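Below is one structure, written out as structure tokens; the observations come after it.
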């Protein structure tokens, strides 16, 4: 039985500054404890894509090639997780290039941020950050083709024009195809940004139109699409790993004899020891390598392992919930204050308070974490469904002890991501197991049990709200305490407050027109791996605030929509800094203020479209919620019917969404449809619980997600048209999720009079 | 052991109780059929065995021997499978796409028995297939479109 030498696992090579910069970019962790502050007063702030590691690249020679056959190949450097980036990003390049979409191929970039710019596919950032660079890229190539044609005809370039895959000289009715011009064009200098002529929006051929099928559609429906689990070689071996069930735990001793003797088993290997900072390090455990994944799964059951649980072995989510709720009832660190809250509460005609609880949620991507790796002549190739290609490459290199240039990460399609696959522990596992197998190709598969036991979970939180109302029912005082272990704990375990990015997700930047307000964030510590889950801290913050506003409206005996609009107040643009939000999704506060006019508009649109206020029979009703996140504005109206057994049926959901200009409206719609289902899933069923430090949910029978029979038959997405392309883009992938759970619970209240304050709902709608 | 997969005969040396899924994916390199749960709970691994939708992650390979196995790689050669694959693309059903092979296999089994399914028929046949991206409304629409298309071409 061989063990992998521990020396393979000593991280080295990456500078502290690079590490911290990426950390900051991932979560905007400027406020991390443990002395991780990196913002230097002397540094001018960098916003948007330029604030990300390796910024942006817009060089057409990097991103596109034109073949002799006329086919244009466009490189996509962001990961496809179902958001449609492999269609949307090339669409932008092709449009500025004046390419015929029917002659466009798409190629996935390997991990290489020096070459392509930032590749971290999370934070609802890809299109927001790369619309402009990709436009410049396509426009530069178009102008180089025009220049090449002008040189060929010996005419001024002002007389020629690129149009649909060819360049024309109208005066002489001459035409040259892109195929003919490509070689000459590629040798010309790339125009400088100031020399570029970008299209006007009226000239767009594909952008904003939405008539283009998804690029991978045919491969997906015919089984040809390549996901992280799909690389296959004849000499490949297949691994599963028994991992420590408790965060920070380790293997005390193990007996692998029976497993080693099982059919098809090739090797039993000990995984690296745990480290103090979880980061993306593989968990301690024992790997079983066999001639098929099925054989490895069967043999793993025969392992006899004695675990040393370590400090988190007593983690119990029931006890933890009680402790969080107790913290939320007591004062904590003040993160924003205005007016005089205490005086206003004393003067209030009525005081209303409520507590909300949102549990751990697992990503449960349909493709569980998985990766394949092989090493030939000191060079490692990894095939991974990763949202963070560069981090994957750096981490694999560190763990193997290889220079970065000897590691290639092939980014496959991702069978779901939702933030889980930003953490490349699974890819590191494949690489170190291949190394232990003398470079043979190894595929690591996480079973669904592995996935639910060892996820980087969505945080767990207790939210306490108290409001003082005047005699007119208006809010005169507002106190909100949010308590949740931070995702920064995987990097800095002693972090005990929400960091800037978490506070800035619908808590600290709540833009309502309330004169006296205090927001507090009491302490919390983490006992499992906390990670970012689609829309992150917006989930608990939106659930608490949007549920509470509905409670206040009901208490004041006012219509929820009217009350909400009054609370939002008049249309105005608010500087996030005035809300103590220094993060603002990494974007410039001038370019991206919080616009209450747009917030009002999505509320008005969704209630109009959903016919808000119509009367329902007993046991039926509508619920409303609105939330600003990832620089976009989303409002939802959920309609429910509760049957005699208390089962909640959701026949219809309406969503109004304003993300600024829309590159590919068809995929924006699909993202919002999906966000509705994911929001309903987490509201109805989503919960991971812990006993003795161990996740208690094994598979989809215990961690339920919404199925077709439970899904709305109708999801109506209402996109707010924005035709001004100088307006900055908002995010799309995540902002659909946060308003769904509170809108659903508000609908349950409308239908039954029962207020849901703790997620998941499960059978709480049953009549007593 | 001899298997008949997508009208081709294949011989594999394999333990009788190894689930069919791993024979397809790991021994034969036919990776279109996906792993999702290993307990017949999610439907990602759905294939047809003698026309019936089965979860290959729990089907011992020996039980499929001598029967007609159809996977996503072969279903397009049937009229129903082809109609569904076409409708899936026209409606842009997939997001990440990982579950869609299983969805199409379950939908094929449905339309072969019930060519004009009601909403309730669709829900009954498709609720064993999870889509975490949440493409259910489009799956429903695509099944109806494929059914309507097949109805017209009869």
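Residue numbers (the numbering used here), protein chains in the order written: chain A, 10 to 777; chain B, 2 to 155.
Glycine residues also receive a C-beta, built at the ideal position from the N, C-alpha and C atoms.
A quick note: this is a predicted structure, and the numbers were derived from the prediction, not measured.
Tell me whether residue 70(A) is buried or exposed, calling it buried when 16 or more other Cβ atoms sit within 10 Å of its Cβ.
Taking the first chain and counting its residues from 1, one reaches residue 70(A) at position 61. By the 10 Å Cβ count, residue 70(A) comes out exposed.
Could you spell out the range, first to last residue, of the beta strand (DSSP E) harbouring residue 124(B)?
Position 123 of the second chain holds residue 124(B). Not the beta strand (DSSP E): residue 124(B) falls in the alpha helix (DSSP H), residues 120-127.
Put residue 631(A) into one of helix, strand or coil per three-state DSSP.
Locating residue 631(A) in the first chain gives position 622, counting from the first residue. Residue 631(A) falls in the strand class under three-state DSSP.
Give a yes or no on whether the minimum CB-CB distance between residue 128(B) and chain A is below 7 Å.
Within the second chain, residue 128(B) is the residue found at index 127, counting from 1. With 7 Å as the cut-off, residue 128(B) counts as an interface residue toward chain A.
Exposure label - residue 172(A); buried when at least 16 CB within 10 Å:
As a working note, residue 172(A) is residue 163 in the first chain. Exposed: under 16 other Cβ atoms inside 10 Å.
Through-space distance from residue 452(A) to residue 246(A), alpha-carbon basis
Against the first chain, residue 246(A) aligns to sequence position 237. Against the first chain, residue 452(A) aligns to sequence position 443. Taking the straight line from one Cα to the other gives about 6 Å.
Three-state secondary structure (DSSP) of residue 86(B):
Residue 86(B) sits at position 85 when you count from the first residue of the second chain. In this structure, residue 86(B) counts as helix in the three-state DSSP scheme.
Exposure label - residue 108(A); buried when at least 16 CB within 10 Å
Taking the first chain and counting its residues from 1, the one referred to as residue 108(A) is at position 99. The residue is buried, with at least 16 neighbouring Cβ atoms inside 10 Å.
Over what stretch of residues does the beta strand (DSSP E) that includes residue 298(A) continue unbroken?
For the purposes of this step, residue 298(A) is taken as residue 289 along the first chain, with counting starting at 1. Its beta strand (DSSP E) spans residues 294-299.
Just how far apart, CA to CA, sit residue 75(A) and residue 81(A)?
One-based indexing of the first chain puts residue 75(A) at position 66. One-based indexing of the first chain puts residue 81(A) at position 72. Distance between the alpha carbons of residue 75(A) and residue 81(A): 4 Å.
Coil, strand or helix - residue 37(A) by DSSP:
On the first chain, position 28 is the one that residue 37(A) refers to. Since pLDDT at residue 37(A) reaches only 42, below the 50 mark, its modelled position is unreliable, and no value is offered.
Whole alpha helix (DSSP H) elements within the region 111-184 of chain A, 4-residue minimum
122-125, 135-162
Assuming residue 133(B) and residue 375(A) make a contact with CB atoms under 8 Å, what is their CB distance in whole Å?
By 1-based counting over the second chain, the position of residue 133(B) is 132. By 1-based counting over the first chain, the position of residue 375(A) is 366. 5 Å between Cβ atoms; contact.
Give me, in chain order, the residues of the same chain whose beta-carbon lies closer than 8 Å to that of residue 423(A); leave out the 5 immediate sequence neighbours on both sides.
One-based indexing of the first chain puts residue 423(A) at position 414. Same-chain partners within the cutoff: 88, 89, 90, 91, 236, 237, 374, 376, 394, 395, 396, 430.
Could you work out which residue in 271(A), 120(A), 267(A) is closest to residue 401(A) when comparing CA atoms only?
In the first chain, the residue the question calls residue 401(A) occupies position 392. That would be 120(A), whose Cα lies nearest to the Cα of residue 401(A).
Out of 698(A), 115(A), 331(A), which has the shortest C-alpha to C-alpha gap to residue 93(A)?
Working through the first chain from its first residue, we reach residue 93(A) at position 84. The option with the nearest alpha carbon to residue 93(A) is 115(A).
Let's test the definition: count the other Cβ atoms within 10 Å of the Cβ of residue 50(A) and tell me whether it reaches 16, buried, or not, exposed.
Within the first chain, numbered from 1, the residue matching residue 50(A) stands at position 41. Only weak support is given to the placement of residue 50(A): the predicted model assigns it a pLDDT of 45, under 50, and the value that follows is read from those uncertain coordinates. With fewer than 16 other Cβ atoms within 10 Å, it is exposed.
Enumerate in chain order the residues of its own chain whose CB-to-CB distance from residue 775(A) is below 6 Å, with the five nearest sequence positions on each side excluded.
Start at 1 with the first residue of the first chain, and residue 775(A) comes out as number 766. Only 655 meet the Cβ criterion.
Is there a Cβ of chain B sitting closer than 7 Å to that of residue 708(A), yes or no?
As a first step, residue 708(A) is located in the first chain; it is residue number 699 there, counting from the start. Taking Cβ atoms only, chain B reaches closer than 7 Å to residue 708(A), which makes this a yes.
Could you pull the DSSP bridge partners for residue 724(A) from this structure?
As a first step, residue 724(A) must be located in the first chain, where it is residue number 715. According to DSSP, which records beta bridges pairwise, residue 724(A) is partnered with 662(A).
In this structure, how does DSSP classify residue 20(B) when only helix, strand and coil are distinguished?
Indexing the second chain from 1 puts residue 20(B) at position 19. Residue 20(B): strand per DSSP, three-state reduction.
Starting from residue 145(B), find everything on chain A with Cβ-Cβ shorter than 8 Å and list it in chain order.
Within the second chain, residue 145(B) is the residue found at index 144, counting from 1. What residue 145(B) touches in chain A: nothing, since even the nearest Cβ is about 12 Å away.
Identify every run of the beta strand (DSSP E) within the region 639-708 of chain A, keeping only runs that are complete inside it and at least 3 residues long; order them along the chain.
641-651, 657-667
Residue 811(A), buried or exposed, once every other Cβ within 10 Å from all chains shown has been counted against 16:
The displayed coordinates of chain A run from 10 to 777. Any statement about residue 811(A) would go beyond what the structure contains.
With 7 Å set as the bound, which would you pick, yes or no: does the beta-carbon of residue 71(B) sit closer than that to a beta-carbon of chain A?
Counted from its first residue, the second chain places residue 71(B) at position 70. Cβ-Cβ to chain A under 7 Å: no for residue 71(B).
Taking the beta carbon of residue 104(A) as the centre, do at least 16 other beta carbons fall within 10 Å, making it buried, or is it exposed?
The residue given as residue 104(A) occupies position 95 in the first chain. It is buried - the Cβ of residue 104(A) has at least 16 other Cβ atoms within 10 Å.
Output needed for residue 550(A): all residues of its chain with C-beta closer than 7 Å, excluding positions within five of it in sequence on either side, in chain order.
Counting from 1 along the first chain, the entry for residue 550(A) is found at position 541. Cβ within range, chain order: 491, 514, 515, 516.
Please state if the CB of residue 79(A) and the CB of residue 136(A) are separated by a distance shorter than 7 Å.
Mapped onto the first chain, residue 136(A) falls at position 127. Mapped onto the first chain, residue 79(A) falls at position 70. Taking the C-beta atoms as reference points, residue 79(A) is found no nearer than 7 Å to residue 136(A).
Short of 8 Å in beta carbon distance, which residues of its chain neighbour residue 7(A), apart from the five on each side in sequence? Order them along the chain.
One cannot answer for residue 7(A) here, as it falls past the ends of chain A, which runs 10 to 777.
Please confirm if residue 236(A) has its CB atom under 7 Å from at least one CB of chain B.
If you number the first chain from 1, residue 236(A) lands on position 227. It does: the Cβ of residue 236(A) has a partner Cβ on chain B nearer than 7 Å.
Determine the burial state of residue 710(A): buried for a count of at least 16 other Cβ atoms within 10 Å of its Cβ, exposed for fewer.
Taking the first residue of the first chain as position 1, residue 710(A) is located at position 701. By the 10 Å Cβ count, residue 710(A) comes out exposed.
Buried or exposed, going by whether 16 or more other CB atoms sit within 10 Å of the CB of residue 385(A)?
As a position in the first chain, residue 385(A) is number 376, starting the count at 1. Residue 385(A) should be labelled exposed.
My output table needs one value for residue 601(A): the three-state DSSP class, helix, strand or coil.
Residue 601(A) sits at position 592 when you count from the first residue of the first chain. Looking at residue 601(A) - three-state DSSP - the assignment turns out to be coil, as it is neither helix nor strand.
Is residue 321(A) closer than 7 Å to residue 256(A) when the C-beta atoms are compared?
In the first chain, residue 256(A) corresponds to position 247, counting from 1. In the first chain, residue 321(A) corresponds to position 312, counting from 1. Cβ distance < 7 Å, so residue 256(A) and residue 321(A) count as in contact.
On a Cα-Cα basis, can you pick out the residue from 652(A), 658(A), 742(A) that is closest to residue 684(A)?
For this step, residue 684(A) is matched to residue 675 along the first chain. It is 742(A) whose Cα lies nearest to the Cα of residue 684(A).
Are residue 65(A) and residue 126(A) closer than 7 Å when you measure CB to CB?
As a working note, residue 65(A) is residue 56 in the first chain. As a working note, residue 126(A) is residue 117 in the first chain. Contact: yes.
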